[in-house]
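Participant: One structure follows; several queries about it will come next.
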Amino acid sequence: MSLINDALKRAQRDRTSSSHAPLPHAAGASALRPAGRSGPPWLLIGLGVTVGGLLALVAVLLLRPSATPSAVAAAATTASTATPPPATASSMPVTSTPVAAQPATSVSVSLASSESAAPTKSTTPHPVAEPIVTTVATIPAASTPAPAPVVTTPAAPTGPARPSPRLIQAVEALRVTGIRAAGADSKVLMNDRVYRLGDIVDHELQIRLTAATAQSLTFVDETGASYTRNFN
292 MSLINDALKR
302 AQRDRTSSSH
312 APLPHAAGAS
322 ALRPAGRSGP
332 PWLLIGLGVT
342 VGGLLALVAV
352 LLLRPSATPS
362 AVAAAATTAS
372 TATPPPATAS
382 SMPVTSTPVA
392 AQPATSVSVS
402 LASSESAAPT
412 KSTTPHPVAE
422 PIVTTVATIP
432 AASTPAPAPV
442 VTTPAAPTGP
452 ARPSPRLIQA
462 VEALRVTGIR
472 AAGADSKVLM
482 NDRVYRLGDI
492 VDHELQIRLT
502 AATAQSLTFV
512 DETGASYTRN
522 FN
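Encoded structure:
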């Protein structure tokens with residue numbers, strides 16, 4: 292852009308110098324006037340050529356960076372296609388080296404030597420540890436003796452219980468006014484009341500009438516003690 296500005300300034304400077312040039316002498320004015328008219332078109336043509344050259348130069352400068360990477364990429368592509376890939380282990384040809392055949396006798400000898408060198412397995416069975424059986428002696432439980440039969444001795448017959456003083460006093464205090472001895476249907480009139488055999492005479496001491504005769508009356512208390520009251 293600075294080049295374009297310089298060209299424009301130069302053209303303007305040329306114009307101003309041509310317009311301010313001193314007029315020739317009057318005698319030669321008629322001869323120089325046709326030349327002055329034919330000068331400006333050539334100047335414009337030269338100015339246009341200069342400007343076009345500058346524009347072409349600027350265009351080349353602007354387009355050169357974009358063209359450079361493409362050229363570099365093309366060169367890299369060419370180099371990659373031209374360089375062969377490195378040979379890998381799988382792609383390398385395998386050359387087998389022929390092995391010289393050995394005689395069969397040597398093979399048999401080596402087999403025999405290897406068989407003789409191999410340790411022979413022992414056919415003797417290893418002793419197997421027998422399980423230890425611990426015998427526990429069983430001690431019979433002591434037999435408990437059977438309990439001896441309990442012999443119940445019959446109690447010795449005891450005589451009739453002796454009457455208590457209270458029983459005697461209560462029987463003697465009864466007021467007997469009449470006796471009818473008739474066996475089991477006997478009746479006794481005591482204390483203005485008729486009693487039969489088995490009736491309770493005294494409720495406090497539980498005294499009962501158990502027997503009645505014309506001369507006696509028999510009574511029994513709650514303890515089983517009996518007392519006979521006689522009448523003479």
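For the sequence shown, the tail end lands on 523 under my numbering, and the numbers increase by one without skipping.
The C-beta atom is built at its ideal place from N, Cα and C for all residues, glycine as well.
The model shown is predicted, which means the values in this text are computed figures rather than measured ones.
#1: What distance in whole Å lies between the Cβ atoms of Ala503 and Ile470, which are believed to be in contact at a cut-off of 8 Å?
#2: Using a threshold of 7 Å, state whether the C-beta atoms of Lys478 and Arg487 are closer than that.
#3: Between the alpha carbons of Lys300 and Leu294, how many angstroms are there, rounded?
#4: Would you give the residue range spanned by the beta strand (DSSP E) that Leu500 belongs to?
#5: Please report the residue range of the beta strand (DSSP E) in which Val479 lies.
#6: Starting from the C-beta of Thr468, find all residues in its chain whose C-beta is less than 8 Å away, skip the five residues before and the five after it, and write them out in chain order.
#7: Can you tell me which of Ser455, His494, Gln460 and Thr501 puts its alpha carbon nearest to the alpha carbon of Ala472?
#8: Note down the Cα distance separating Arg457 from Pro438, rounded to an integer number of angstroms.
#9: Give me, in chain order, the residues of the same chain whose beta-carbon lies closer than 8 Å to that of Pro451; leave out the 5 immediate sequence neighbours on both sides.
#10: To which residues of the same chain is Leu348 closer than 8 Å at the C-beta, ignoring the five residues directly before and after it?
#11: How would you call Ile498, buried or exposed, if buried means at least 16 neighbouring beta carbons within 10 angstroms?
#12: Using a threshold of 7 Å, state whether the C-beta atoms of Leu345 and Ala298 are closer than that.
Facilitator: Let's see:
#1: Contact flag correct, Cβ pair sits at about 6 Å.
#2: A contact, by the Cβ cut-off of 7 Å.
#3: The alpha-carbon atoms of Lys300 and Leu294 are separated by roughly 10 Å.
#4: From DSSP, the beta strand (DSSP E) with Leu500 extends over Ile498 to Ala503.
#5: Element bounds for Val479: Lys478 to Met481.
#6: Result list for Thr468: Leu480, Met481 and Asp483, in chain order.
#7: Ranked by how close their Cα comes to the Cα of Ala472, the residues Ser455, His494, Gln460 and Thr501 have Thr501 in first place.
#8: Distance between the alpha carbons of Arg457 and Pro438 is about 48 Å.
#9: Annotation for Pro451: Gly515, Ala516 and Ser517 place their beta carbon closer than 8 Å to its own, counting only its chain and skipping 5 residues before and after.
#10: Around Leu348: Leu294.
#11: Buried, by the Cβ-count rule.
#12: Their beta carbons are under 7 Å apart, which means Leu345 touches Ala298 by this criterion.
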